[in-house]
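First residue of the sequence shown? That's 1108 in the working numbering, and the numbers climb one at a time after it. In this text, a Cβ means the ideal position worked out from N, Cα and C, and glycines have one as well. Just so we're clear, the structure is a prediction, and the values are computed from it rather than from any experiment. Below you'll find the structure, written out as structure tokens, and then a few comments.
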Amino acid sequence: MNTARKLETFTQDSQPENKGFWNRINNIKVGVIPLPLYVLLALIVYGAAVYNELPPDMIGGFAIIMVMGMLLGDLGLKIPILKDIGGPAILSLLVPSVLVFYNVLNPASMEAVTTLMKTSNFLYLYISCLVAGSILGMNRKVLIQGFTRMFVPLVLGTLAAVSAGVAVGMLFGYGAKHTFFYIVVPIIGGGIGEGILPLSLAYSQILGSSAESFVSQMIPAAVIGNIVAIVCAGLMKRLGEKKPELTGNGVLVKTKGGDGISEDTNIKKPVDFSLMGAGLLIACSFFIFGGLAHKFLGIPGPVLMIVAATLVKCLQVMPAKMEQGAYHMYKFISTSLTWPLMVGLGILYIPLEDVVKIVTPGYVVVCAAVVIAMVATGYFVGKMMKMHPVDAAIVTGCHSGLGGTGDVAILSASNRMSLMPFAQVATRLGGASTVILATLLMKLLGV
């Protein structure tokens, strides 16, 4: 009898302890997922990859990038110092790149991520949703003022970046022409696909060498410049937190009252999932329109997509309900899929091997000088033009990122995804102009 009472007392005493222990464990989260559940899900995905049972399609691709993205994004938000300079974006880009460099990811994982990112073109779906949703959800007046004013800091920032890059390059023993064509231009050329690849073809035709040799020379500068731009965006975010009067928290132009983004239509509306479906269709249609119009106008499709969305918003031809759906789809995508997308970009588009071959301390300083000059000019010119200087600096800094990839990384590091339309203009138009001018100069100088 005494033994039974002791056993009952022990069971009653141990249950609260066990319950308390599991509550503590479940309160530890990776992103929004309790730690035990996250570990279980990660083990399932890892086991499937090891035994070659991972689906080589979007399902497998999303599983890989989301497991890694949630963990790396969460760590980046918690590690001291790193969290203040864009830690989630830096970890999500660089850790997967390191894993690829050391062949840690097996072929099944690589195939699934490649299918998602390249075959299914997840990056452009992400950008399309952000562009359409942020433009249609923005205050019309602020949108017009932002596009008209941003070109001044963009042009002056580009001139400052070129001047600073060439000057610092010469201090470290690089020739002025080499610094300009192989370090500065790749950083501000609009990314790998839109900048470096066209430049490499142009350089090869002019100089008679293989295009591949120029790609390997230019990619390191673009990658390092993008990392510096991410760090600068993180520092700008930190500055905005310390001095709120310097930032619009994702709004480019100062206005009287309100934050300028969908003040009266979308932010306070409840989420309607059927409208989000319509928003997804609208985003895809804008992207397809850009590609179709490119066939006839010769202007890059992403630029035409932005122009079309801007005209639709300015002319107020889109029903308010549809704008609401596009805005909420943008919020879902930017909130849930940013760090996983970074992982996919790090796996496929950050070639660490090419970076390691060329990089020296002086090379890094030259790349940093280009980006810092760009961001600083955007800050001070934006301030003089009655723009929010922190947000103007971040948008201008996107001109030194890796195209759409860089825009996502830079804006995510600063938590300002609503600036994506302006960032895309800075990247696409600024990059295209840089490529054209660099090619003309190359022909003239024959470097």
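For residue 1360: DSSP bridge partner residues: 1494
Reference residue 1181; option with closest CA among 1503, 1256 and 1136: 1136
8 angstroms CB neighbourhood of residue 1283 in its chain, flanking five on each side removed: 1273, 1276 and 1277
The region 1257-1267 contacting the region 1484-1504, beta-carbon criterion three pairs below 8 angstroms: yes
Inter-stretch contact at 8 angstroms, needing at least 3 Cβ pairs: the region 1393-1400 / the region 1203-1211: no
Classification of residue 1438 by the beta-carbon crowding that lies within 10 angstroms, buried from 16 upward: buried
Beta-carbon proximity list for residue 1408, same chain, < 6 angstroms, skipping 5 on both sides: 1397, 1398 and 1401
Chain D within 8 angstroms of residue 1176, Cβ atoms only: Included in the structure is just one protein chain, with no chain D present.
Contact set for residue 1507: own chain, Cβ-Cβ below 6 angstroms, skip 5 residues either direction: 1294, 1295, 1332, 1336, 1478 and 1481
Helix, strand or coil at residue 1546 according to DSSP, with G and I counted as helix: helix
Whole-angstrom distance between residue 1285 and residue 1179, CA atom to CA atom: 37 angstroms
C-alpha gap between residue 1551 and residue 1328, whole angstroms: 23 angstroms
Where residue 1410 sits in the DSSP three-state scheme: helix
Backbone CA spacing between residue 1429 and residue 1406 [nearest angstrom]: 27 angstroms
Counted within 10 angstroms of its Cβ, other Cβ atoms place residue 1128 as buried (16 or more) or exposed: exposed
Chain-order list of residues whose beta-carbon lies under 6 angstroms from that of residue 1371 (same chain, five-residue window excluded): Low confidence applies to residue 1371: its pLDDT is 47, below 50, so where it sits in the model is not reliable, and the reading given next is rough at best. Around residue 1371: no qualifying Cβ.
Run of the alpha helix (DSSP H) containing residue 1285, from where it starts to where it stops: 1283-1286
CB contact flag (residue 1344, residue 1540, <8 angstroms): no
Residue 1369 (DSSP reduced to helix, strand or coil): Confidence at residue 1369 is low in this model, with a pLDDT of 40, below 50, so its placement is unreliable and the value that follows should be read with caution. If DSSP states are grouped into helix, strand and coil, residue 1369 belongs with coil.
Own chain residues within Cβ distance below 7 angstroms of residue 1526, not counting five before or after: 1357, 1359, 1498, 1501, 1502 and 1518
Residues near residue 1198 by beta carbon distance below 7 angstroms, same chain, minus five either side: 1179, 1182 and 1183
Residues of its chain near residue 1536, where Cβ-Cβ distance is below 7 angstroms and the 5 sequence neighbours each way are ignored: 1410
Same chain, Cβ closer than 7 angstroms to residue 1173, neighbours up to 5 away in sequence not counted: 1447
Euclidean distance between Cα positions of residue 1330 and residue 1225: 19 angstroms
Per-residue burial, residue 1549 [other beta carbons within 10 Å of its own, 16 or more giving buried]: buried
First and last residue of the uninterrupted alpha helix (DSSP H) at residue 1434: 1427-1443
Start and end residues, alpha helix (DSSP H) containing residue 1164: It is not in any alpha helix (DSSP H) - residue 1164 carries neither H nor E in the DSSP assignment.
8 angstroms contact criterion, which residue 1472 and residue 1279 should meet: CB distance rounded: 7 angstroms
Proximity of residue 1450 and residue 1175 at Cβ, strictly below 8 angstroms: yes
CB-CB length for residue 1216 against residue 1171, believed under 8 angstroms: 5 angstroms
Whole alpha helix (DSSP H) elements within the region 1206-1284, 4-residue minimum: 1214-1221, 1229-1243, 1247-1256 and 1258-1278
Alpha-carbon spacing of residue 1434 relative to residue 1314, whole angstroms: 48 angstroms
Residues bridged to residue 1136 (per DSSP): 1141
Rounded straight-line distance, which links the Cα of residue 1523 to that of residue 1366: Confidence at residue 1366 is low in this model, with a pLDDT of 41, below 50, so its placement is unreliable and the value that follows should be read with caution. Whole-angstrom Cα-Cα distance: 13 angstroms.
As assigned by DSSP and simplified to three states, the class of residue 1514: helix
Buried or exposed (CB count within 10 angstroms, at least 16 for buried), residue 1384: exposed
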